[in-house]
Amino acid sequence: IVKELKHRDISKYNVQLALQEINQQEYLNVFEELAKKRLAEIKDKELQKRRKKLADYLLYRGWESELVYGKVFELLPTTK
Numbered sequence: 015i016v017k018e019l020k021h022r023d024i025s026k027y028n029v030q031l032a033l034q035e036i037n038q039q040e041y042l043n044v045f046e047e048l049a050k051k052r053l054a055e056i057k058d059k060e061l062q063k064r065r066k067k068l069a070d071y072l073l074y075r076g077w078e079s080e081l082v083y084g085k086v087f088e089l090l091p092t093t094k
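With positions in the sequence shown counted from 1, the corresponding number in my numbering is that position plus 14.
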């Protein structure tokens with residue numbers, strides 16, 4: 015979100031103000047739902063390809079990388 019707002023020349027003050035208005039729990043719930051929905055649509059069998067497609071999708075849509083990679087490994091853990 016921050017990157018996109020900066021790209022649109024929104025002032026740092028207004029970016030911070032807007033971010034304060036976002037309900038953190040709702041934000042994470044939307045992220046969780048989107049990640050699960052996209053994962054269900056990915057048909058690849060190979061674990062690494064599924065991880066990459068899910069991560070690329072979420073990153074492209076502007077979600078923070080630490081959230082994305084944490085969720086990818088939560089939803090697609092390494093199996094031994």
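Glycine residues also receive a C-beta, built at the ideal position from the N, C-alpha and C atoms. None of these values were measured; they are calculated from a predicted model.
Could you tell me which whole alpha helix (DSSP H) segments of length 4 or greater appear in the stretch 16 to 53?
Runs of the alpha helix (DSSP H) lying entirely within the stretch 16 to 53, each at least 4 residues long, are 16 to 21, 26 to 34 in chain order.
DSSP state of GLY76 mapped onto helix, strand, coil:
Residue mapping note: residue 76 aligns to position 62 of the sequence shown, counting from 1. Judged by DSSP in its simplified three-state form, GLY76 adopts coil rather than helix or strand.
Whole-Å CB distance - LEU68 paired with ALA54, under 8 Å assumed
Here the question's residue 68 lines up with position 54 in the sequence shown. Here the question's residue 54 lines up with position 40 in the sequence shown. In fact, because the Cβ distance is near 10 Å, the residues do not count as touching under 8 Å.
From THR93 to LEU33, what does the alpha carbon distance come to, in whole angstroms?
Within the sequence shown, the letter at position 79 stands for residue 93. Within the sequence shown, the letter at position 19 stands for residue 33. If you take the alpha carbons of THR93 and LEU33, they lie about 37 Å apart.
Beta-carbon within less than 6 Å of VAL44's beta-carbon, same chain only, minus the 5 sequence neighbours each way: which residues are those?
Here the question's residue 44 lines up with position 30 in the sequence shown. So the list is empty, once near-sequence residues are dropped.
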